[in-house]
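Read in order, the letters of the sequence shown correspond to residues 53 to 203 in my numbering.
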Amino acid sequence: MPNLSHLTIQLQQFYLNGHDWQRIIVDNIPKIKIFHLKMNINFYFGSHKQKQIDILLDSFRTQFWLEERQWFVRCDWNSFESYDADILYTLPYAFGDFIYHDKCNSKSTCPNETYFRCYDLLDQLISIDIRFLPMDLSFTQLQMLLDRSTR
Numbered sequence: 053m054p055n056l057s058h059l060t061i062q063l064q065q066f067y068l069n070g071h072d073w074q075r076i077i078v079d080n081i082p083k084i085k086i087f088h089l090k091m092n093i094n095f096y097f098g099s100h101k102q103k104q105i106d107i108l109l110d111s112f113r114t115q116f117w118l119e120e121r122q123w124f125v126r127c128d129w130n131s132f133e134s135y136d137a138d139i140l141y142t143l144p145y146a147f148g149d150f151i152y153h154d155k156c157n158s159k160s161t162c163p164n165e166t167y168f169r170c171y172d173l174l175d176q177l178i179s180i181d182i183r184f185l186p187m188d189l190s191f192t193q194l195q196m197l198l199d200r201s202t203r
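What follows is the structure in structure tokens.
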């Protein structure tokens, strides 16, 4: 696999931090140019959730991620303890489905938070409440999805 140039990977309830991914990439797939990652994570509930998220994001704030590769990640989570579907993904978002919740919090490693707030590749939108949709999100295929939806 040392000549692999594109990798798209989704993980459920299992995650590696930025240091782990860096080791995998440098040691096994150093020629990779395009890396799309989506990890569904269950952070531990309670007051330490924000700290866990910050620690995870900090592991993607290294010279390797920000300068050498210029790959950025975003973490979306809900601060309510009863909700456990947190997600970390590379930017721009490169997957066909997106779950949006109006109580969602978001942080990224990108210096310009609004630069990658665009979701162009969607073919499935799960749960949306237009009244609460932030104005800085751009769903370029939203009208097409609405047209295809069952009424």
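Glycine included, every Cβ here is placed at the ideal spot set by N, Cα and C.
Item: Supposed close pair Leu-118, Tyr-67 - CB separation, criterion 8 Å; Value: Contact doesn't hold; Cβ gap of about 20 Å is too wide.
Item: Pick from Met-53, Trp-123, Asn-92 that is closest to Gln-42, judged by C-alpha positions; Value: Given that the chain is displayed from residue 53 to residue 203, the structure contains no residue 42 and the question cannot be resolved.
Item: Residue environment, Met-91, which counts as buried when at least 16 other CB atoms sit within 10 Å; Value: buried
Item: Three-state secondary structure (DSSP) of His-100; Value: coil
Item: Status (buried if at least 16 other CB within 10 Å, exposed otherwise) for Thr-60; Value: exposed
Item: For Phe-66, the three-state DSSP class (helix, strand or coil); Value: coil
Item: Rounded separation between Arg-183 and Met-53 - CA only; Value: Low local confidence applies: a pLDDT of 49 at Arg-183 is under 50, so the model's placement there is unreliable, with the coordinate-based value given in what follows. Using only the alpha carbons, I get a separation of about 46 Å.
Item: DSSP three-state assignment for Trp-123, whether helix, strand or coil; Value: coil
Item: Beta-ladder partner(s) of Asp-128, from DSSP; Value: Ile-139, Ser-158
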